[in-house]
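Residue numbers (the UniProt record's numbering): 1 to 141.
The beta carbon of each residue, even a glycine, is placed where N, CA and C say it ideally should be.
Structure first, then comments.
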């Protein structure tokens, strides 16, 4: 059973900006090491690209992300809600963070026990796929 939690308001907490380029790179690597898979969706919620590691056993998380985006769209239109920020989908041994980026949606697959902080959400909102293309752990599907 999947439990979906969705936030339709923007994040109010501001994270501290890294004080140096090396600190920003270290933070980026720390967060990337938590990631098991990444999928992108266009602004209509249709799948575009997938990147997975050996720990990503199946693609059910991509389907759950697609369904969460559909649910978000339905709720936004019927309740006239704007400003989707993120959704977290909880599974038995994995969780998926879905965030809106300027030109697409990004779904990030994580272990169930990973802490999804406001800093991590902000990182995901600014995440660039080019980073995964150079990471040997990830395979584009």
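- Each of 124, 136 and 134 was checked against the Cα of residue 39, and the nearest Cα belongs to 124.
- Taking C-beta atoms under 8 Å as the contact rule, residue 110 and residue 35 qualify, at a distance of about 7 Å.
- Sequence-distant partners of residue 56 (beyond 5 residues in either direction) whose C-beta falls short of 7 Å from its own C-beta, in its chain, are 36, 37 and 109.
- In the DSSP assignment, residue 40 is bridged to 49 and 106.
- Distance from the CA atom of residue 129 to the CA atom of residue 138, rounded to whole angstroms, is 11 Å.
- Look at residue 67 here: in three-state DSSP terms it is helix.
- Looking at the DSSP output, residue 97 bridges to 88 and 108.
- In the DSSP assignment, residue 140 forms a beta bridge with 51.
- Between residue 68 and residue 87, the C-beta gap is smaller than 9 Å, which places the two residues in contact.
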